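Just so you know, we're using the numbering used here here: the sequence shown kicks off at 4 and counts up by one. A virtual CB, placed ideally from N, CA and C, is assigned to each residue, including glycine. Computed from a prediction, not measured in an experiment: that's the story for all the values here.
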Amino acid sequence: MPKALVIVESPAKAKTIEKFLGKSHYSVKASVGHIRDLPKSRLGVDIENNFEPEYINIRGKGDIIKELKKEAKKATKIYLATDPDREGEAISWHLSYILGIDADSDCRIEFNEITKDTIKKSIKQPRKLNHNLIDAQQARRVLDRLLGYQISPVLWQKVRRGLSAGRVQSVTTKIICDREKEINEFVPTEYWSLNVISNVNNTDVDFSFYGIDADKIDLNNEADVNAIIEKIKNRKLLVSNIDTKIRRRSAVKPFTTSMLQQEAVNRLGFTTKKAMRIAQELYEGIDISGEGTIGLISYIRTDSQRISDEAKEASKKYIYSEFGDNYHIGDKKSTQKTKKNAQDAHEAIRPTSVNREPDKIKSSLSKDQYKLYNLIWRRFVASQMADAIYENVSIECKIDNYIFRATGSKQIFDGYTRVYNFTDRDDKILPQIEIGDKLDITEILPKQHFTQPPARYTEASLVKTLEELGIGRPSTYAPTIGTILTRGYVEKEGQSIKPTELGEIVTEILEDNFEMLTDVDFTAKLETLLDEVEDGEVQWKKVIQEAYEPLESSIKTALENIEKVNMDIEVDEKCELCGSNMVIKHGRFGKFMACKNYPECKFTKPIVEKLGVKCPKCNDGDVIIRKTKSGRVFYGCSNYPDCDFVEWNKPTGEVCESCGAYMVEKNSKKESKSICSNSECVTNASTKSKKKVKKD
């Protein structure tokens, strides 16, 4: 029986959609991503012919193309149902070329979620291919090819083979290098705080020095602090003002792609790459007990916070039923104004059904799938809930004209935090105090502080910065971070990202010779131009021409002026074969040691970084720093494989007084502290009880 052919990108998605449409009337096949692209072995762009791209069938896709052509010949109708974005539109365009489909026919369908109703509705509303979207993708692809394939060989000649430069990766590396430079050049500044404690009705109240009269005063040194202490010693605090205010904390907004990545890093400890991989699984479909395979969340690549009317109404009914009508957001707008550079093509990321509660389907999900789905579900529901309300009290006291202030706060309505809350918050309730009361000072607490340098970027903060600067798109953040880690331009130290020596050298070369490639404004402007191509306002080859013109002359100059960089460092250690000095070299997997007489002598050995701590398992080997393939640091024994000691946290060499296990260094955003490696140890239990959860 003749069937209509539906082509999607993913085999997992194909199975789900075929079940919804019915095998008797539809055949659903997967292209497994792109089937045509620029050739890998050469530039593939005819610069002399107005930057005409040369597309070829991707090697290894022959069998897929053959099958799609076979299915297309016997199909009554062909629907191209790739992802609803620029990349998906381009894949459909290439499919139309391969299969001989008229690009101006109604062959394209799109959907924001993979549910039965949505799929059946979309199949009834086919449209023509959107050539503006296709041109925007072509412009991005050709630009990236021109920049990458023409600048990367310069780095191969002057530094070493295997390096690369790119429109987004190079400016991202520069941002990380610039932050490291800020940290290295930072000069701490001294400042002081001055607090006084007063015991009121058996409750200690902490008053902080504010200033003199109505003016805020900074305490810059110990002399300033001591002068105030001399004047307030043995004096009483006179309560001069009490201010009570109601504060509302607005509900969180639903997830965009970049915000999902940030929250997955901060709340769940995922990498951006892992977050997007699991989100893709949730979008494409999970086999849910009692329901079958179904997409659990809407399309995951979006910069919009818009929510459909249907989803809003469903969430309203759920909130009314579960929490009461006072918990619903009401008529207040539940989405922010769309950002200027946002494409706003899709809704925010949300569950396909608000009634599909995470705990109800937990048994059908993997541990990580549950974590991410739970985060998305709670975020969406919370975005449709009422504000949290707090009562804040500020008490102002005087000693002469010196002002001290104490603040208290209590939650009077939990609102959206009932669903989405990561703060182990305790109300700070002040005792009954009246204006005119005189309070005894029981303790004076001066404290010296120093300003801190800016923190290194984490994956979450880097994604936030890239979005704020308009660099790349949310869907490119994870692969960009992955690329600069793989290339060895940056490395991870715990959760922090710092540049390597190689990254700093490459960035310096690019800054000196290809300034536009590391120019934040240039990169952001290109993103805006690509948006204008998508909107049909600019011709795509004109964008390429304007970006390429300054590049062409820079390449010739760079090849003439850049001196070859020798990153090899000679050391005193002798080669075990010929006795010559060894040198530290940089390879594909990082630094290693090799004989200076290469290629006559080919002796090499790994570089071992010792902590100066004996292995706590075998007590013979040294604890050494090692790295995973993805660049994550861990600690192992130098006697491996005879000793299989492995630890993610840095061993300190100390022993726990409570249980005798080895101690490790645990780093957080705010502090570094020693904890017991034994998770069941009472020492850790007491630490956890005092630990404060990250603020929302």
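(request) Starting from Y423, trace the alpha helix (DSSP H) both ways and give me its first and last residue. (result) Where Y423 is concerned, there is no enclosing alpha helix (DSSP H), given that its DSSP letter is neither H nor E.
(request) Could you round the C-beta distance between I444 and S201 to whole angstroms and report it? I think they count as a contact, below 8 Å. (result) 6 Å
(request) Decide if the segment 295-312 is in contact with the segment 352-364; the criterion is three or more beta carbon pairs, one per stretch, under 8 Å apart. (result) yes
(message) On the DSSP letters alone, give me the boundaries of the beta strand (DSSP E) that Y393 sits inside.
(response) 391-402
(request) Run the CB neighbour count on E579, radius 10 Å, all protein chains shown included, and call it buried at 16 or more, exposed below. (result) exposed
(request) Pick out whichever of L24, K22, V48, A15 has its Cα sitting closest to the Cα of S34. (result) A15
(request) Could you tell me if G47 is buried or exposed, where buried requires 16 or more neighbouring beta carbons within 10 angstroms of its beta carbon? (result) buried
(request) In angstroms with no decimal places, state the Cα-to-Cα distance between E504 and W96. (result) 43 Å
(request) Spatial neighbours of L3 within its chain, please: CB distance less than 7 Å, with the 5 preceding and 5 following residues excluded, ordered by chain position. (result) Only positions 4 to 699 of the chain appear in this structure, which leaves residue 3 out of reach.
(request) Buried or exposed for D218, please, with buried defined as at least 16 other CB atoms from any protein chain shown within 10 angstroms of its CB. (result) exposed
(message) Rounded to whole angstroms, what is the Cα-Cα separation between T426 and Q265?
(response) 17 Å
(message) Using only the alpha-carbon positions, how far apart do A527 and E470 sit?
(response) 10 Å
(request) Indicate whether K620 and C646 have their beta-carbon atoms separated by less than 7 Å. (result) yes
(message) Are the CB atoms of V546 and L472 within a distance shorter than 7 Å?
(response) no
(message) What would DSSP say about Q346, mapped onto helix, strand or coil?
(response) Residue confidence is low: Q346 scores 47 on pLDDT, short of 50, so the model does not pin down where it sits. Its coordinate-derived value is still stated next. If DSSP states are grouped into helix, strand and coil, Q346 belongs with coil.
(message) Quick check on T690: does DSSP put it in helix, strand or coil?
(response) Any reading at T690 needs caution, since the residue's pLDDT is 49, under 50, leaving its predicted position unreliable; the model's value is listed next. DSSP places T690 in helix when its eight states are reduced to three.
(request) Assess, as a yes-or-no matter, whether the segment 78-92 is touched by the segment 49-66 under the definition of 3 or more beta carbon pairs within less than 8 Å. (result) no
(message) For V448, count the other beta carbons within 10 Å of its own beta carbon; 16 or more makes it buried, fewer makes it exposed. Which is it?
(response) Per the sequence presented here, residue 448 reads as Leu, with Val not at that position. Flag for L448 reads exposed.
(message) Taking only three categories from DSSP, how would you classify W380?
(response) helix
(message) Once DSSP output is grouped into helix, strand and coil, what is the label at A664?
(response) coil
(message) With DSSP as the reference, identify every bridge partner of V636, one or two as the case may be.
(response) K630
(message) Quick check on DSSP: helix, strand or coil for L136?
(response) helix
(request) Could you tell me which of E325, P42, V11, K43 sits nearest to S30, measuring between CA atoms? (result) V11
(message) Whole angstroms are fine: how far does the CA of V228 sit from the CA of W195?
(response) 7 Å
(message) Restricting to runs no shorter than 4 residues, where is the alpha helix (DSSP H) found entirely within the segment 136-199?
(response) 172-188
(message) Pull the bridge partners of H452 from the DSSP assignment, please.
(response) Y194
(request) Spatial neighbours of I291 within its chain, please: CB distance less than 7 Å, with the 5 preceding and 5 following residues excluded, ordered by chain position. (result) I297, I364, S367
(message) Need the endpoints of the alpha helix (DSSP H) that R705 sits in, please.
(response) Coverage of the chain is limited to positions 4 through 699, which leaves residue 705 absent and any answer about it impossible.
(request) For N395, I'd like the list of residues in its chain whose CB is within less than 6 Å of its CB, leaving aside the five on either flank, ordered along the chain. (result) K248, R250, S412
(message) For L46, report the span of its beta strand (DSSP E) as first-last.
(response) That residue, L46, is in no beta strand (DSSP E); it is neither H nor E in DSSP.
(request) Measure from the C-beta of Q451 to each C-beta in chain C and report whether the shortest distance is under 7 Å. (result) Of the chains in the structure shown, none is chain C; there is only one protein chain.
(request) Return the first residue and the last residue of the alpha helix (DSSP H) that G65 is part of. (result) 65-77
(request) Could you give the DSSP three-state label for S301: helix, strand or coil? (result) coil
(request) Give the secondary structure of R359 by DSSP, where H, G and I count as helix, E and B as strand, and everything else as coil. (result) coil
(message) Rounded to the nearest angstrom, what separates R490 and G151 at their Cα positions?
(response) 14 Å
(request) Could you say if the segment 255-270 and the segment 455-467 meet the contact criterion of at least three C-beta pairs nearer than 8 Å? (result) yes
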